[in-house]
Amino acid sequence: STLDQSFSLFSGIFIKYTLRQQYSKEFGDISIVRKVPVMKDGGFILTESTAILEYLTQKYSGSVADHWFPADLQQRARVNEYFSWQHMNLRAHCSKVFLLRVRVPIVMDAEIPKETMDFALENVKQSLNLLEEKFLQSKPFILGDKISVADVVAVVEIIQPIGTGFDGFEGRPKLIAWRDRVKKELGEKLFEEAHEALMKSSNMPQKLKNSSSFAQLKPILQKLFR
Amino acid sequence: MALELYLDLFSQPCRSVYIFAKKNNISFDFKKLSLLDGQQYGEDFGKISLIRKVPALRDGDFCLAESVAIMLYLAEKFKTPDFWYPADLRQRARVNEYLSWQHTAIRMHGSKIFWLRVRSPSLICVGAVRLVMSYLSSLPFIGLLAQRESCSEPLSAWRDRVQEAVGKELFDEAHQYILGAQESVKSMDSSKMQVYKPKILRLFM
Chain A
3 STLDQSFSLF SGIFIKYTLR QQYSKEFGDI SIVRKVPVMK DGGFILTEST AILEYLTQKY
63 SGSVADHWFP ADLQQRARVN EYFSWQHMNL RAHCSKVFLL RVRVPIVMDA EIPKETMDFA
123 LENVKQSLNL LEEKFLQSKP FILGDKISVA DVVAVVEIIQ PIGTGFDGFE GRPKLIAWRD
183 RVKKELGEKL FEEAHEALMK SSNMPQKLKN SSSFAQLKPI LQKLFR
Chain B
506 MALELYLDLF SQPCRSVYIF AKKNNISFDF KKLSLLDGQQ YGEDFGKISL IRKVPALRDG
566 DFCLAESVAI MLYLAEKFKT PDFWYPADLR QRARVNEYLS WQHTAIRMHG SKIFWLRVRS
626 PSLICVGAVR LVMSYLSSLP FIGLLAQRES CSEPLSAWRD RVQEAVGKEL FDEAHQYILG
686 AQESVKSMDS SKMQVYKPKI LRLFM
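Keeping their order, the protein sequence lines are chains A and B. The working numbering applies: residue 3 is where the first sequence begins, and numbers increase by one. The working numbering applies: residue 506 is where the second sequence begins, and numbers increase by one.
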């Protein structure tokens, strides 16, 4: 697929995300923000996934098909609109459920209050409703007939909490059908490869607790969750 | 039909769009929307944007939400000078990087400070919460005229440069509403704002 081709055009330095590495000096030299993903293209370092996606499609425009990030004014606006909206909506809400189930109880040494979890789940529901009603409507993909980066950015967020036992697709046939179309376009192999590490997150709480760097990291993480 | 921009200048992203459009002489129909009066929940606005947030744009039958998307749309459609959103690969990436990061960084925290300082006290009446420091002297906030004393030197200098590039008149015009926020709190009808109470309790308490 075109996506496979684009990825093979550059050799990515894959930093395996473990508990320690984003706080290392080496990573700090690459990115002061200390988050992933980070792209290093020669001497040019770039953070923020949506910026990286646009950079890659622009740089490799010769080989990346237009539908991924259309040049058309209105279509491009739709991608930008989705990218912008998702930060504080679908992404934020799905991440929160994921963190509440997998990280926060361990780091804060406390149970998650039911009210907190209910509020988080309600937010996810609102975001998923908007994804269906505003962004997808009756189209096969967010932009219409063809897949774009917006679909990829959306689908990974919904999958995030699945390993923790929360399936945002459940009871939403429209989203299930969309997810299956996205999976088909990307290729099952690539889709599964990308999600392999995440799907093992069910044992993450224990792994986190047992990690040797946990004691050092705990105060840092607690600050994030306050 | 002229291009329509649905704005409430109380809102930061609305000010960005307003300043950008005006500075580039893009003519538009200013559709004033009052968030305070809950106008974003009206049936008419729902037809413009299901997200029910401002700013929103309507260009013919094309409706668009999200200030970042709107500004980039305007930049492209009206071929604004390159420096606003450079075509150069790396420079564009830098702008995109900032636009992406700011959602969960300055924008989120700045908004929180605004809510805590301006809106919440009149709603919740939590003890003796007094608006001692004005919103203006809060932490650095992009696009907002912060008081000199509270802003760090590099940020003050940067703010001055932005103001100069945009033009003092336009800058002041866009901010006149929000700069009067402290004053308008006093005359705010707290009964109107009860609709925000659950949100505030969850987000801040």
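Virtual Cβ for every residue (Gly too), placed ideally from N, Cα, C. What you are looking at is a predicted structure, and each value in this text was computed from that prediction instead of being measured.
Under 7 Å between C-beta atoms of A/V151 and A/W70: Taking the first residue of the first sequence as 1, we reach residue 151 of chain A at position 149. Taking the first residue of the first sequence as 1, we reach residue 70 of chain A at position 68. Yes, these two residues count as a Cβ contact at 7 Å.
DSSP state of A/E117 mapped onto helix, strand, coil: If you number the first sequence from 1, residue 117 of chain A lands on position 115. Three-state DSSP puts A/E117 in a helix.
Terminal residues of the alpha helix (DSSP H) in which A/V151 lies: In the first sequence, the residue the question calls residue 151 of chain A occupies position 149. Segment V151 to I161, the alpha helix (DSSP H) holding A/V151.
Candidates A/Q128, A/E28, A/D68 and A/I34, of which the one nearest A/R174 by Cα: Stepping through the first sequence from its first residue, residue 174 of chain A is reached at position 172. When each option's Cα is compared against that of A/R174, the closest is A/Q128.
Chain A contacts from the region 570-584 of chain B (Cβ-Cβ distance under 7 Å): A570, E571, V573, A574, L577, Y578, E581 and K582
Any chain B beta carbon closer than 7 Å to A/Q197: As a first step, residue 197 of chain A must be located in the first sequence, where it is residue number 195. Checking the displayed sequence, the identity of residue 197 of chain A turns out to be His instead of Gln. False, the Cβ-Cβ gap to chain B never drops below 7 Å.
Within chain A, partners of B/S605 - CB distance below 8 Å: The count along the second sequence starts at 1 and reaches residue 605 of chain B at position 100. In chain order: E50, S51, T52, A53, F85 and H89.
Cβ pair count under 8 Å reaching 3, the region 45-58 of chain A against the region 108-115 of chain A: no
Residue-chain proximity (A/N82, chain B), Cβ-Cβ < 7 Å: By one-based count along the first sequence, residue 82 of chain A stands at place 80. Yes, its Cβ sits closer than 7 Å to a Cβ of chain B.
Start and end residues, alpha helix (DSSP H) containing A/T52: Your numbering for residue 52 of chain A matches position 50 in the first sequence. Where A/T52 is concerned, the enclosing alpha helix (DSSP H) stretches over S51 to K61.
Amino acids of chain B, ordered along the chain, whose beta-carbon sits closer than 8 Å to that of A/L75: As a position in the first sequence, residue 75 of chain A is number 73, starting the count at 1. Within chain B, the residues near A/L75 are Y578, E581 and K582.
Identified DSSP bridge partners for B/D511: Taking the second sequence and counting its residues from 1, the one referred to as residue 511 of chain B is at position 6. Correcting the residue identity first, residue 511 of chain B is Tyr in this sequence and not Asp. Per DSSP, B/K536 and B/A561.
Contact set for B/E571: own chain, Cβ-Cβ below 6 Å, skip 5 residues either direction: Stepping through the second sequence from its first residue, residue 571 of chain B is reached at position 66. Cβ neighbours of B/E571 beyond the five flanking positions: none.
Residues of the region 507-540 of chain B with Cβ closer than 7 Å to any Cβ of chain A, in chain order: none
Selected residue, minimal CA-CA separation from A/K37, among B/V671, B/D677 and B/A610: In the first sequence, the residue the question calls residue 37 of chain A occupies position 35. For the residues B/V671, B/D677 and B/A610, the minimum Cα distance to A/K37 belongs to B/A610.
Coil, strand or helix - B/P645 by DSSP: On the second sequence, residue 645 of chain B is found 140 positions in, with the first residue counted as 1. Here the model assigns B/P645 a pLDDT of 30, short of 50, so the residue's position is not dependable and the matter cannot be decided.
C-beta neighbour in chain A for B/H608, strict 7 Å: Working through the second sequence from its first residue, we reach residue 608 of chain B at position 103. True, the Cβ-Cβ gap to chain A drops below 7 Å.
Short CB-CB distance (under 7 Å) between B/I647 and chain A: Position 142 of the second sequence, counting from 1, holds the residue named residue 647 of chain B. With a pLDDT of 36 at B/I647, under the threshold of 50, the modelled position of this residue cannot be trusted; read the value that follows with caution. Interface flag for B/I647 against chain A is unset, since no Cβ pair is found closer than 7 Å.
Simplified DSSP state of A/F193, which is helix, strand or coil: The sequence position of residue 193 of chain A within the first sequence is 191, counting from 1. Helix.
Contact check, A/P163 vs A/C96, beta carbons under 7 Å: Here residue 163 of chain A is taken as the residue at index 161 of the first sequence, counted from 1. Here residue 96 of chain A is taken as the residue at index 94 of the first sequence, counted from 1. Cβ atoms of A/P163 and A/C96: closer than 7 Å.
Contact list for A/F29 against chain B, beta-carbon separation under 9 Å: Counted from its first residue, the first sequence places residue 29 of chain A at position 27. Chain B residues near A/F29: none, gap ~17 Å exceeds 9 Å.
Buried versus exposed, by CB contacts within 10 Å (16 or more), A/K42: The residue given as residue 42 of chain A occupies position 40 in the first sequence. Result: exposed.
Closer than 9 Å at the beta carbon, the chain B residues around A/G62: Residue 62 of chain A sits at position 60 when you count from the first residue of the first sequence. It should be pointed out that residue 62 of chain A corresponds to Tyr in this sequence rather than to Gly. What A/Y62 touches in chain B: nothing, since even the nearest Cβ is about 11 Å away.
Within chain B, partners of A/E134 - CB distance below 9 Å: In the first sequence, counting from the first residue as 1, residue 134 of chain A sits at position 132. What A/E134 touches in chain B: nothing, since even the nearest Cβ is about 11 Å away.
Proximity below 7 Å, CB of A/L55 to CB of A/E159: The residue labelled residue 55 of chain A in the question sits at position 53 within the first sequence. The residue labelled residue 159 of chain A in the question sits at position 157 within the first sequence. Taking 7 Å as the Cβ cut-off, A/L55 and A/E159 do not qualify as a contacting pair.
According to DSSP, residues forming a beta bridge with B/A570: Residue numbering aside, residue 570 of chain B sits at position 65 when the second sequence is read from its first letter. Answer is B/A561, bridged to B/A570.
Under 8 Å by beta carbon: chain B residues contacting A/E56: In the first sequence, residue 56 of chain A corresponds to position 54, counting from 1. By Cβ distance, chain B contributes R597, A598 and N601.
Which residues DSSP lists as bridging A/G146, in chain order: For the purposes of this step, residue 146 of chain A is identified with residue 144 of the first sequence, where counting begins at 1. Paired residue(s): A/F143.
Presumed contact (8 Å Cβ cut-off) between A/F171 and A/R181, rounded CB distance: For this step, residue 171 of chain A is matched to residue 169 along the first sequence. For this step, residue 181 of chain A is matched to residue 179 along the first sequence. Sure, about 6 Å apart at Cβ, within 8 Å.
For A/Y57 and A/Y25, the rounded distance between their alpha carbons: One-based indexing of the first sequence puts residue 25 of chain A at position 23. One-based indexing of the first sequence puts residue 57 of chain A at position 55. When rounded, the distance between both Cα atoms is 26 Å.
Rounded Cβ spacing between A/H89 and B/H608 (contact assumed at less than 8 Å): Against the first sequence, residue 89 of chain A aligns to sequence position 87. Against the second sequence, residue 608 of chain B aligns to sequence position 103. With a Cβ gap of about 4 Å, A/H89 and B/H608 count as contacting.
Buried or exposed (CB count within 10 angstroms, at least 16 for buried), B/E602: Here residue 602 of chain B is taken as the residue at index 97 of the second sequence, counted from 1. Buried, by the Cβ-count rule.
Contact under 7 Å by Cβ, B/V600 with B/P560: Translated into the one-based positions of the second sequence, residue 600 of chain B becomes position 95. Translated into the one-based positions of the second sequence, residue 560 of chain B becomes position 55. No; because the gap between Cβ atoms is not below 7 Å, this pair is not in contact.
Chain A within 7 Å of B/F588, Cβ atoms only: Residue 588 of chain B sits at position 83 when you count from the first residue of the second sequence. Chain A contact via Cβ: absent.
Euclidean distance between Cα positions of B/F550 and B/Y682: Start at 1 with the first residue of the second sequence, and residue 550 of chain B comes out as number 45. Start at 1 with the first residue of the second sequence, and residue 682 of chain B comes out as number 177. Rounded to the nearest angstrom, the two C-alpha atoms are 22 Å apart.
Host beta strand (DSSP E) of A/V40 (start-end): Your numbering for residue 40 of chain A matches position 38 in the first sequence. From DSSP, the beta strand (DSSP E) with A/V40 extends over V40 to D43.
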